[in-house]
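Quick notes on the structure that follows.
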Amino acid sequence: MKRFEGKVAIITGAGTGIGAATARRLFEEGASVVLAGRRREKLEEVAATLEPARVLVHPTDVAVRAEVDSLVAATVARFGRLDVLINNAGAGSFGPFDAATDEEWRRIMAINLDGVFFGCQTALPHLLESRGNIVNVSSVSGLGGDWGLASYNAAKGAVTNLTRALAMEYGARGVRVNAVSPSLTLTEMTRPLEGNEAAMGRFAERMPIGRPAQPEEIAPAIAFLASDDAVFVTGVNLPVDGGVTASNGQPRLL
Numbered sequence: 543m544k545r546f547e548g549k550v551a552i553i554t555g556a557g558t559g560i561g562a563a564t565a566r567r568l569f570e571e572g573a574s575v576v577l578a579g580r581r582r583e584k585l586e587e588v589a590a591t592l593e594p595a596r597v598l599v600h601p602t603d604v605a606v607r608a609e610v611d612s613l614v615a616a617t618v619a620r621f622g623r624l625d626v627l628i629n630n631a632g633a634g635s636f637g638p639f640d641a642a643t644d645e646e647w648r649r650i651m652a653i654n655l656d657g658v659f660f661g662c663q664t665a666l667p668h669l670l671e672s673r674g675n676i677v678n679v680s681s682v683s684g685l686g687g688d689w690g691l692a693s694y695n696a697a698k699g700a701v702t703n704l705t706r707a708l709a710m711e712y713g714a715r716g717v718r719v720n721a722v723s724p725s726l727t728l729t730e731m732t733r734p735l736e737g738n739e740a741a742m743g744r745f746a747e748r749m750p751i752g753r754p755a756q757p758e759e760i761a762p763a764i765a766f767l768a769s770d771d772a773v774f775v776t777g778v779n780l781p782v783d784g785g786v787t788a789s790n791g792q793p794r795l796l
């Protein structure tokens, strides 16, 4: 498929995990891709696997408005347009709520929520011109609560509802806004869990598919929402979660 032939996509958090997998998927389908993230070396590793003529590496801290402004400006300067914004950059935080510091709260909000706000607001004039779209990477943690993830839950819950609000505001003006909500996916952020057999076993028990996702299993859902195949889809928070949200939370008895 070449659903993104002639189109330009920004992917934040593109150096690893879901962002890298999404960048590769959109590139394979014809897009020119802009790889954004804080670590240039990781972005360059992804870029090295792609054709240089259709790639721009732009180190960006999404928590800083000026850097997001620069990212969008550089994209339009290089490729002349912007069609798709994938807000994927994120950070996690685990621990009891009463031990959370102001600094940690602000860090989680700045990366997970402020970055989405800055990206959407800065990209929208160009997306209105191209009749493009936004896909936010939220989480099942934005659809319900978790133990020990209060800050992350708050940030991702805000992303989930911001997605709905922007879809309502911009749908009639030609810009679709959707989100995917993955469950546990094996990325750098979740790597500390991988060596914890007990924790991984508990996750597997809650997933009807019985295992965590790979980033390459989330990217196709993002690509679908970003493509014209989803031309009548907006305001959706699509769980890509191995069936986690199919449960009402009661224990397994069989």
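With this note's numbering as the guide, the letters of the sequence shown map in order to residues 543 to 796.
Cβ atoms here follow ideal geometry from the backbone N, Cα and C, with glycine treated the same way.
- In this structure Leu-735 is not in contact with Leu-669, their Cβ atoms being roughly 35 Å apart against a cut-off of 8 Å.
- Collapsing the DSSP output to three states places Val-550 in a strand.
- Counting only runs of at least 3 residues, the stretch 649–728 fully encloses the following beta strand (DSSP E) elements, listed from N- to C-terminal order: 675–679 and 718–724.
- Looking at the DSSP output, Ala-590 sits in no beta bridge, so it has no partner there.
- Here Ile-628 is bridged, per DSSP, to Ile-553 and Val-677.
- Rounded to whole angstroms, the gap between the alpha carbons of Gly-752 and Gly-557 is 27 Å.
- Here Pro-750 is near Gly-785, since their CB atoms are less than 8 Å apart.
- Shown here for Ala-642: same chain residues with a beta carbon closer than 8 Å to its own, the five before and five after excluded, namely Ser-635, Ala-692 and Ser-693 in chain order.
- Closest by C-alpha distance to Pro-762, out of Ile-552, Ala-565 and Glu-547, is Ala-565.
- In the pairwise beta carbon analysis, the stretch 592–610 is classified as touching the stretch 572–579: at least three pairs are separated by under 8 Å.
- Only residues of its own chain outside the window of five on either side were considered, and among them Ala-692 have a CB closer than 6 Å to the CB of Phe-639, listed in chain order.
- Contact check for Leu-568 and Ala-551: beta-carbon distance about 5 Å, within the 8 Å limit, so the pair qualifies.
- Inter-residue distance for Gly-737 and Ser-681 is about 22 Å (C-alpha atoms, whole angstroms).
- Ser-574 has its alpha-carbon roughly 8 Å from the corresponding atom of Leu-598.
- Val-679 and Ala-765 have their C-alpha atoms some 12 Å from each other.
- Inclusion of Ser-725 and Ala-755 in the CB contact set at 8 Å is warranted, their separation being smaller than that value.
- The C-beta separation of Asn-675 from Ala-768 comes to about 6 Å, placing the pair in contact by the 8 Å criterion.
- Apart from sequence neighbours up to five positions away, the residues of its chain that approach Glu-571 with a beta-carbon distance below 6 Å are Met-543, Lys-544, Arg-545 and Phe-546, ordered along the chain.
- Minimum Cα-Cα distance from Ile-560 among the listed residues Pro-793, Ser-723 and Leu-592 corresponds to Ser-723.
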